[in-house]
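For the sequence shown, the numbering used here assigns the number 48 to the initial residue and increments by one for each residue that follows. Virtual Cβ for every residue (Gly too), placed ideally from N, Cα, C. These numbers were taken from a predicted model, which means no experiment stands behind them. Taking it in order: structure first as structure tokens, then the write-up.
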Amino acid sequence: MTVAGLKARPLVPAAPARNARGDEPRQELPAEMRPRIVASAEPVAGPPAPEGQGAPVSTVSRRGLDAFAFFVANLQTGFGPFLAVYFSQAKWTQSDIGFALTVGSLVGLLGQVPGGAFVDAARSKRFAAGVAVIAVAGSALALAVWPSFLVVLFAMALHSAASCVLTPAIAAISIGLVGHARAGERLGRNASFQALGNAIAAAGMGACGYYLSNGAVFYLTAALGVPAVMALSAIRASEIEANSRVSEEASPAPFEGRGGLRALLANRGLLSFGACMMLFFLANAAMMPLVGSVLTLRASETATALVAACIMVPQAVLAVCAPAVGRATERFGRYPVLLVGFAALPLRGLLLASTTNPYGLVAIQVLDGVSASVLGVMVPLVVSDLTRGTGRFNLALGAVGTAMGIGAALSTSIAGIMADRLGSHSAFLGLAFLGFAAFILVALIMPETRRSRVPEATGAQAP
48 MTVAGLKARP LVPAAPARNA RGDEPRQELP AEMRPRIVAS AEPVAGPPAP EGQGAPVSTV
108 SRRGLDAFAF FVANLQTGFG PFLAVYFSQA KWTQSDIGFA LTVGSLVGLL GQVPGGAFVD
168 AARSKRFAAG VAVIAVAGSA LALAVWPSFL VVLFAMALHS AASCVLTPAI AAISIGLVGH
228 ARAGERLGRN ASFQALGNAI AAAGMGACGY YLSNGAVFYL TAALGVPAVM ALSAIRASEI
288 EANSRVSEEA SPAPFEGRGG LRALLANRGL LSFGACMMLF FLANAAMMPL VGSVLTLRAS
348 ETATALVAAC IMVPQAVLAV CAPAVGRATE RFGRYPVLLV GFAALPLRGL LLASTTNPYG
408 LVAIQVLDGV SASVLGVMVP LVVSDLTRGT GRFNLALGAV GTAMGIGAAL STSIAGIMAD
468 RLGSHSAFLG LAFLGFAAFI LVALIMPETR RSRVPEATGA QAP
């Protein structure tokens, strides 16, 4: 049979075959209509997957991250006010105590950017966090076992350097685990567990120092490194990597190919946010020490209990409000929530300047908890938004942390000068003015950093 014979044969459609029930199957559509059906069957026809969501997160990983945030807060609490008490009991001079604390503060300030860069370069964020936890626990053990001057200086420097790695590592693990779409909710949950950890650790370590010894506080701090590492090991690395990969693929890198510092300097949103945060801490950092001084003068007999209450009230507000703040950032956006956190600061300064009641000073610290709830979520979240897809998240987080540290360091000096020359009332008003300037700066220069959602597909046929 020739090809020509095949072409000459008329095309007669065959009778459709019947199925087992005797029904005739549906006729096929003409060929010219088939491309339209194929086009309408593309992925855009159905609702897309939520932005930034990849592999589902297991309950084990979620609970592991909860516990890790809690125990890390326990660890860091041991290096708070207990240090000064421990050094004083060891008959250290005030100059030696101040020098040791200054060493830790300087390393903490200068190590923010290198610590973030280290986390960015680390292939495993869990490994970076684990090394930092071991270093913090080791520095606590060194303080307890060998409280000599040189060992203490080394331990303080080691603790501060490890903290510069630990903070961005937790943020990177959190965002990598849940993706950008649910980062606000996750960071709010972290802040809540950290606040609980701070409160419980402060009570437990205070009791340990009272009934045992001040040195026992640091043995307890070192021992808390064990459950922290166990909680970290419960977080599955495969889930972090899977969701990080999906988030990076969903967002092209706007600064791809540039160096780390060059990328930061080219990011106007990040520079604006760093300036806002530095001004916020310039107004905020000195308020609590100034409140402590005022309480000592006005209620010397109950000053210690009232100062403790001033510390506990914001932590309680933070523990309760941080998850709600995280959800609000996903529902309303970053900008309005950030404004609320900044607005609470000048209001707090004005109220502190207007009251002389010691219990009123304690009650006003609720506003400190509001600001802490907002910034505890917003700092890593906004930095993540502004550096998404660049691979520079932790480096940028360290840079913003440096700006915050500079503001905090200058705040206490400025407030001290104002309080000595003009009085505490004027000092609170001056800090309130700086807080209002920070609020205006956010309102004027900060953009909305949340990425717009992927629009729902209409299901229309391709033309």
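Range covered by the alpha helix (DSSP H) that runs through residue i
i	result
Ala124	Checking the sequence, you will find Thr at residue 124 rather than Ala. Counting along the chain, the alpha helix (DSSP H) containing Thr124 begins and ends at Thr106 to Thr124.
His227	Run containing His227: none; DSSP gives neither H nor E here.
Met493	Note, Met493: premise wrong, no alpha helix (DSSP H); not H, not E.
Lys172	Lys172 to Val192
Arg381	Arg381 to Ser401
Ile282	Taken as a continuous stretch (DSSP letters only), Ile282 belongs to no alpha helix (DSSP H), as it is neither H nor E.
Gly470	Unbroken run through Gly470: none, as it is neither H nor E.
Arg439	Run containing Arg439: none; DSSP gives neither H nor E here.
Phe161	This sequence places Pro at residue 161; Phe is not what is there. Looking at the DSSP string, the run of the alpha helix (DSSP H) that includes Pro161 is Gln159 to Ala168.
Asn314	From DSSP, Asn314 is part of no alpha helix (DSSP H); its letter is neither H nor E.
Asn404	That residue, Asn404, is in no alpha helix (DSSP H); it is neither H nor E in DSSP.
Thr140	Careful: Thr140 lies outside any alpha helix (DSSP H) and carries neither H nor E.
Ser340	Met334 to Arg345
Gly262	Asn261 to Ala270
From the options, residue whose alpha carbon lies closest to that of residue i
i	options	result
Arg435	Ala278, Ala230 and Leu112	Ala230
Ser239	Leu386, Gly396 and Arg374	Arg374
Ser319	Glu495, Val367 and Ile247	Glu495
Ala131	Leu488, Gly177, Ala114 and Pro194	Pro194
Gly416	His472, Arg395 and Ala269	Arg395
Val573	Ala284, Ala278 and Asp467	Residue 573 lies beyond the range of the chain shown here (48 to 510); nothing can be said about it.
Asn314	Val341, Leu157 and Leu444	Leu444
Pro393	Ala332, Ser260 and Ala116	Ala332
Leu476	Ala456, Ser401 and Ala446	Ser401
Lys138	Ala175, Ile181, Asn261 and Leu213	Asn261
Ala363	Ile282, Thr343, Val183 and Ser420	Ser420
Asp113	Ser221, Pro103, Ala147 and Ala187	Ser221
Gly448	Ala179, Phe115 and Leu153	Leu153
Val341	Leu399, Ile358, Gly316 and Ala356	Leu399
Ala484	Ile358, Phe327 and Ile217	Phe327
Arg498	Leu386, Arg381, Leu414 and Leu397	Arg381
Ile287	Phe146, Ala218 and Val198	Ala218
Asn237	Ala456, Leu385 and Ala371	Ala371
Ala28	Ala490, Gly158 and Leu200	No information on residue 28 is available, as it lies outside the stretch 48 to 510 that the chain covers here.
Val489	Pro383, Val424, Arg110 and Val150	Pro383
Gly470	Ser280, Gly162, Leu344 and Phe146	Leu344
Asp167	Phe440, Ala248, Ala147 and Cys368	Phe440
Ala479	Ile282, Pro427, Met335 and Ala249	Met335
Val160	Ala216, Val150 and Thr149	Ala216
Ala250	Ala446, Ser210, Gly463 and Ala356	Ala356
Sequence-distant residues of its chain with Cβ nearer than 6 Å to residue i (five each side left out)
i	result
Ala450	Gly321, Met324 and Met325
Gly244	Phe117, Ala120 and Asn121
Gln241	Ala116 and Ala120
Ala189	Val198 and Ala202
Pro361	Gln412, Asp415, Gly416 and Ala419
Gly272	Val180 and Ala184
Leu205	Ala182 and Ser186
Glu377	Gly231
Tyr133	Asn261
Glu89	For Glu89, the predicted model reports a pLDDT of 38, less than 50, meaning its position is unreliable; a value from the coordinates is still stated below. The answer is none, since no qualifying residue turns up.
Gly155	Ser207
Ile282	Ser108, Gly111 and Leu112
Met425	Leu385
Cys368	Ser420
7 Å CB neighbourhood of residue i in its chain, flanking five on each side removed
i	result
Leu422	Gly388
Met465	Ser473, Ala474 and Gly477
Tyr257	none
Gly304	In this predicted model, Gly304 has a pLDDT of only 40, less than 50, meaning its place in the structure is not dependable enough to derive any value.
Pro299	Reliability fails at Pro299, whose pLDDT of 44 lies under 50, so the model's placement of it is uncertain and no value is given.
Close beta carbons around residue i, own chain, < 8 Å, minus the five adjacent residues each side
i	result
Met252	Thr124, Gly125, Phe129, Val264, Leu267 and Thr268
Ser135	Ile144
Met493	Gly316, Ser319, Phe320, Cys323, Tyr382 and Leu385
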